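Asker: A single structure is presented below for examination.
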Amino acid sequence: MIVRDNGAKLTSNVILRWCPGHQVEPRHIAPGNPMQNGFVEGFNRQIRDEFFNETMFRDLAHALVMIAAWAHEHNNDLLHSALGYQSPLD
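At position 86 of the sequence shown the residue is numbered 86 (my numbering), and the sequence of numbers has no breaks.
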């Protein structure tokens, strides 16, 4: 399932057409209740604050390389307090 709010994210007709053929159910959270999808809201805030607000991309290829490097560092090198100060892959 894809859980989303009623905002502009994931409102693409392509995604909505893709879901049924892949046994994916699109679900909406209640309006004005972002904590119903708190994990994703927190991740979106974190990647925006730590990465997108600090990075300028030359083009799509550069963006993909930089995003992959950020994801690798985030999952392998950074210690997360919510995980007992271990990385997600430990």
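For glycine and all other residues, C-beta sits at the position ideal for the given N, C-alpha and C.
Fair warning: this is a prediction, and the values are worked out from it, not measured in the lab.
So what does DSSP say about Q86, is it helix, strand or coil?
Answerer: strand
Asker: If we ignore side chains and look at the alpha-carbon of each, how far apart do H28 and Q46 end up?
Answerer: 22 Å
Asker: Which residues bound the alpha helix (DSSP H) around R58?
Answerer: Careful: R58 lies outside any alpha helix (DSSP H) and carries neither H nor E.
Asker: Measure the alpha-carbon distance for W70 versus F51 and round it to whole angstroms.
Answerer: 8 Å
Asker: How far does the beta strand (DSSP E) with V3 in it reach, from first residue to last?
Answerer: Element bounds for V3: I2 to R4.
Asker: Run through DSSP, which three-state label would P26 get?
Answerer: strand
Asker: Out of H22, N37 and V14, which one is the CA nearest neighbour of R4?
Answerer: N37
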